[in-house]
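Peer 1:
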Amino acid sequence: MDIHNILDQIDEIIYIADLASCELLYLNRIGRERFGTPAPGVKCYEFLQGEENPCEFCTNGVLPHLRDKRVTWVRQHSAVGNMLLHDSVIDYEGRPCRMEVAIDIDRYVTELDTVQSDLAAEKKLVACIEDLITNSDFSSAIDSMLNTIIEHYHADRAYIFEFDWEKNLTRNTYEICRDGVAPQKENLQAVPIEVVALWVDIFKNQEKKITIIEDVDALKDDPARRIEYDCLHPQGIKSLITVPILTDGKLHGFLGVDDPHAHMDAPELLTQVTYIAANELQKRLLTEALMKKSYQDPLSGLNNRLAYAETLEQLRGKEFPVGVGFLDINGLKWINDTLGHDMGDKVIQKICGILEEHIEQQYIYHISGDEFVILWPEVGYQTFMHAAEDLGAALSDEENIASFGFVWGKEEDTGIAVRKAEKAMQTAKNKFYAANTERKDSRPGYLDALLQEFRDSIFIPYLQPLYSIRYDRVYGAEVLVRKIDPHGNIHTPVEFIGIMEREHMISMVDFTMLRQACELIQKWKPAWPDIVFNVNFSRNTLAEPDFLERIDRILSETGADPAQLIFEITESSQNIQLESLYDRLDEVKQRGISLAIDDLGTEAACLEMLYLPQISVAKIDKSLIDKAEHSDREQLVIRHLVDLCHDLDMRCVAEGIETDSQIELLKKLGCDRLQGYKIGKPMPAEDFFHRFGETALHKK
Ligand code: C2E
Ligand code: MG
Ligand code: MG
964 MDIHNILDQI DEIIYIADLA SCELLYLNRI GRERFGTPAP GVKCYEFLQG EENPCEFCTN
1024 GVLPHLRDKR VTWVRQHSAV GNMLLHDSVI DYEGRPCRME VAIDIDRYVT ELDTVQSDLA
1084 AEKKLVACIE DLITNSDFSS AIDSMLNTII EHYHADRAYI FEFDWEKNLT RNTYEICRDG
1144 VAPQKENLQA VPIEVVALWV DIFKNQEKKI TIIEDVDALK DDPARRIEYD CLHPQGIKSL
1204 ITVPILTDGK LHGFLGVDDP HAHMDAPELL TQVTYIAANE LQKRLLTEAL MKKSYQDPLS
1264 GLNNRLAYAE TLEQLRGKEF PVGVGFLDIN GLKWINDTLG HDMGDKVIQK ICGILEEHIE
1324 QQYIYHISGD EFVILWPEVG YQTFMHAAED LGAALSDEEN IASFGFVWGK EEDTGIAVRK
1384 AEKAMQTAKN KFYAANTERK DSRPGYLDAL LQEFRDSIFI PYLQPLYSIR YDRVYGAEVL
1444 VRKIDPHGNI HTPVEFIGIM EREHMISMVD FTMLRQACEL IQKWKPAWPD IVFNVNFSRN
1504 TLAEPDFLER IDRILSETGA DPAQLIFEIT ESSQNIQLES LYDRLDEVKQ RGISLAIDDL
1564 GTEAACLEML YLPQISVAKI DKSLIDKAEH SDREQLVIRH LVDLCHDLDM RCVAEGIETD
1624 SQIELLKKLG CDRLQGYKIG KPMPAEDFFH RFGETALHKK
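Using the working numbering, read the sequence shown as starting at 964 and increasing by one per residue.
(1) Put Glu1009 into one of helix, strand or coil per three-state DSSP.
(2) So what does DSSP say about Gly1332, is it helix, strand or coil?
(3) For Thr1035, I'd like the list of residues in its chain whose CB is within less than 6 angstroms of its CB, leaving aside the five on either flank, ordered along the chain.
(4) Excluding the 5 residues preceding and the 5 following Phe1652 in the sequence, name in chain order all residues of the same chain whose CB lies nearer than 6 angstroms to its CB.
(5) Nearest-angstrom Cα distance between Phe1500 and Tyr1396?
(6) Around the Cβ of Gln972, are there at least 16 other Cβ atoms within 10 angstroms (buried) or fewer (exposed)?
(7) Under 7 angstroms from any heavy atom of ligand 2, does the C-beta of Asn960 make it?
(8) Check whether chain B comes within 8 angstroms of Phe1101, counting only Cβ atoms and requiring the distance to be less than that.
(9) Exposed or buried, which one is Ser1519 when buried takes at least 16 other CB atoms within 10 Å?
(10) Where does Ala983 sit, in a helix, a strand or coil, going by DSSP?
(11) Taking contact to mean 3 or more Cβ pairs, one atom from each stretch, closer than 8 angstroms, check whether the segment 1370 to 1384 and the segment 1287 to 1303 are in contact.
(12) Could you work out which residue in Met1476, Ile1460, Thr1533 is closest to Pro1647 when comparing CA atoms only?
(13) Who are Met1646's beta bridge partners in DSSP?
(14) Rounded to a whole number of angstroms, what is the C-alpha to C-alpha distance between Ala1240 and Asp1100?
(15) Check whether the segment 1336 to 1351 and the segment 1305 to 1323 are in contact - that is, three or more C-beta pairs closer than 8 angstroms.
(16) Find out if the Cβ-Cβ distance for the pair Asn1135, Pro1155 is shorter than 8 angstroms.
(17) Measure the Cβ-Cβ separation of Glu1177 and Ser1202 and say whether it is below 8 angstroms.
(18) Is it buried or exposed for Gln1147, if we count other Cβ within 10 angstroms and need 16 for buried?
(19) DSSP puts Thr1210 in a beta bridge; with which residues?
(20) Does Asn1293 pass the burial test, meaning 16 or more other C-beta atoms within 10 Å, or should it be called exposed?
(21) Since Arg1636 and Val1605 should fall inside the 8 angstroms C-beta cutoff, what is the C-beta to C-beta distance between them, to a whole number of angstroms?
(22) Does the separation of the CB atoms of Asn1266 and Gln1277 fall below 8 angstroms?
(23) Starting from the C-beta of Gly1044, find all residues in its chain whose C-beta is less than 7 angstroms away, skip the five residues before and the five after it, and write them out in chain order.
(24) Give the range of the alpha helix (DSSP H) segment to which Asp974 is assigned.
(25) Determine the direct distance from the alpha carbon of Leu1248 to that of Ser1470, and round the result to whole angstroms.
(26) Is DSSP giving Asn968 helix, strand or coil here?
(27) Could you name each continuous beta strand (DSSP E) segment of 3 residues or more that falls completely within the segment 1476 to 1547, going from the start of the chain to the end?
(28) Counting only the same chain and skipping the five closest in sequence on each side, list residues whose C-beta sits under 7 angstroms from that of Ala980.
(29) Would you call Cys1569 buried or exposed, if buried means 16 or more other Cβ atoms sit within 10 Å of its Cβ?
(30) Would you identify the three-state DSSP class for Leu1151, choosing helix, strand or coil?
(31) With a threshold of 7 angstroms (Cβ to nearest heavy atom), would Lys1582 be considered close to ligand 3?
(32) I want to know whether the segment 1489 to 1503 touches the segment 1439 to 1448 - three or more CB-CB distances under 8 angstroms.
(33) Can you tell which of Pro1424, Lys1630, Leu1544 has its C-alpha closest to the C-alpha of Arg1602?
(34) Residues in its own chain within less than 8 angstroms of Leu1026 by CB, not counting five upstream and five downstream?
(35) Roughly how many angstroms separate the alpha carbons of Arg995 and Pro1001, rounded to a whole number?
(36) Ligand 1 heavy atoms versus the CB of Met1476: any closer than 7 angstroms?
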């Protein structure tokens, strides 16, 4: 390659001049770009220095006499700035010449400065990440991070927005501005997500999840982006970068810088910081949730006793009046003791509903099981009295579900006002009991309204498959009731069977299930003529005077074959001895219906039940089956229990089978039938038929 081509490719100024005459023989590309193209014969001092005579500092005189004929020195050029110069003697076109390579030091100094400042900025970012992780004051750590971002990007403003997806809003939660730049946070507390919909799309769907707007003004005429312009322009923003903040893979918010003047090409740094910030944000959210929980009653969702104590403390010595109320539920203890805590919880939830209809939730405190306090600071007399009187009226309308007292005024210690309100509540309670003497310590009147929910609910059967080991097929199902409440929620029996038994409403459920089972026997007859349904019967139902008549009515009205029914009974219900029902069981058996002991091995069904000759099926409870794999001893017990049942001419069903190994074990132990999640969970009738009914005929 020609020497000139090589020199032209070098990014430093290089020229060649005759040692004797100073004639400028060559100037490379960079030199020509700086000084122009030299005319033939022009002297180097004329062309490069604008001098009429050779320069004083010219090395032409000394160069040939130096040992290696070269010299490196520094000089400031009036036009170019500080130059590092390498002069050497070369032979050029047959004559001795000086070649000078002039390196622009200023450029290197600037580049070095930038590199150093980048490094410093990155160091700062690392420091602020450290700060985020170690600083217990999350807000100040975020602020220092935003400050560093402003410095790094030479930006006007740095900020974090968080999304409220339920309300479809985004909110500016942190903001730092450069000196002289107006803060915007206060104005940006409820920005519709629609405004940043495009960014959300980028954050969610694009590989490089960064939004860069280089010129906000350019959005003005774009109809799709006018909404962004209308939000950004009034804030005086010209350009911006935003990156998403993701927590648990979900879009939580975004971090942004307005008007960055440096490092626009390196937005990745923002992403890295944001990643760390997101982790910390998530921690903050968890902490907030925990804090909230520690001040919240889990059942009612209201402020708890701790919140109450702290609020009382905060109100101490305050100048303003406080509206105070004290509410006590009537007969909650009776309900808990008699109908169980599920029913008690329902009463509490009902009270909460009534309270919140009249008083803002933030002023209500659930201080113990049946007591609620209202602390409503800075409320006017009229407002409080109206709300409290309306609340009192609503409570009496509900059959005096609770007693309520209230006061309004200013006390040094609000605790004194609470005691006054409590006293007023007690007076109201005494009055109520005096008027309803027969009700004292007995069944509260409002209960009937609550129990109405049970009457208004719909009961549907879920079917859980029963599997025969000998025939290797699902031969039927246990009918398990599910309650659908007036709001459409599905409830399992644990939530309501107890209450319904105590309230003598269980027979309604049992007979509903029996009728449904009989109807399904008839409906599925063509496809599954020998299906067997196990129906659960509470002892209370069994003891009802018209028990047999109702069974007969259902059998005759549906036409179902009683041989396809097995009634499951336990000993669970209150004080009704099975012996007293001996004749009942005989009658059932005479009708061709089989009887099973449910939950054998628990206190609900002790071995004594095996004395009953009417029983032909024993269902071994899950609790026994669960332990079967533990040791040989447990297996021995089950084996002998199965043998005992067989000797008594009974079949054995193992309940709660959840694994393959349990299936194998129970086969080995001689069990006849299996039930459990491994074979199938309880499911709606259509699903059951779809899964097991369509193949029932082929499998026979
Ligand atoms: P149960 O008669 O012993 O019914 C078996 C219960 O065990 C069912 O609970 C069933 O879902 C559950 N189960 C079955 N297999 C497994 C398993 O592999 N793992 C586990 N963890 N659980 C399993 P469910 O449906 O909640 O019923 C609970 C109880 O409510 C029944 O126990 C029965 O005593 C009662 N019940 C259900 N329906 C009626 C009804 O119509 N009338 C009456 N009086 N009682 C009913
Ligand atoms: Mg059962
Ligand atoms: Mg059972």
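Glycine residues also receive a C-beta, built at the ideal position from the N, C-alpha and C atoms.
This one's a predicted model, so the numbers in the text were calculated from it and none came from an experiment.
Peer 2: Taking the structure as given:
(1) Residue state, collapsed to three classes: helix.
(2) coil
(3) Around Thr1035, the same chain offers His1049 as residues with beta carbons nearer than 6 angstroms, after the five sequence neighbours per side are excluded.
(4) Closer than 6 angstroms at the Cβ level, and outside the excluded window around Phe1652, lies no residue.
(5) Note on geometry: alpha-carbon atoms of Phe1500 and Tyr1396 lie some 39 angstroms from one another.
(6) exposed
(7) Because the chain here runs from 964 to 1663, residue 960 falls outside it and cannot be looked at.
(8) No chain B is part of this structure, which consists of one protein chain only.
(9) exposed
(10) coil
(11) Here the segment 1370 to 1384 makes contact with the segment 1287 to 1303; the two share three or more CB pairs at distances below 8 angstroms.
(12) Met1476
(13) Leu1426
(14) 13 angstroms
(15) yes
(16) When the beta-carbon positions are compared, Asn1135 and Pro1155 stay at least 8 angstroms from each other.
(17) The Cβ atoms of Glu1177 and Ser1202 lie closer than 8 angstroms to each other.
(18) buried
(19) Lys1213
(20) Buried, by the Cβ-count rule.
(21) With 8 angstroms as the limit, Arg1636 and Val1605 do not qualify as a contact, their Cβ atoms being about 11 angstroms apart.
(22) no
(23) Asp1067, Asp1069
(24) It is not in any alpha helix (DSSP H) - Asp974 carries neither H nor E in the DSSP assignment.
(25) 49 angstroms
(26) helix
(27) 1495 to 1500, 1528 to 1532
(28) Glu986, Leu987, Leu988, Cys1007, Cys1060, Arg1061
(29) exposed
(30) coil
(31) yes
(32) yes
(33) With distances taken between Cα atoms, Arg1602 lies closest to Lys1630.
(34) Only Leu982, Lys1032, Arg1033, Val1034, Asp1050, Ser1051, Val1052, Arg1061 meet the Cβ criterion.
(35) 8 angstroms
(36) Yes - ligand 1 has a heavy atom lying nearer than 7 angstroms to the Cβ of Met1476.
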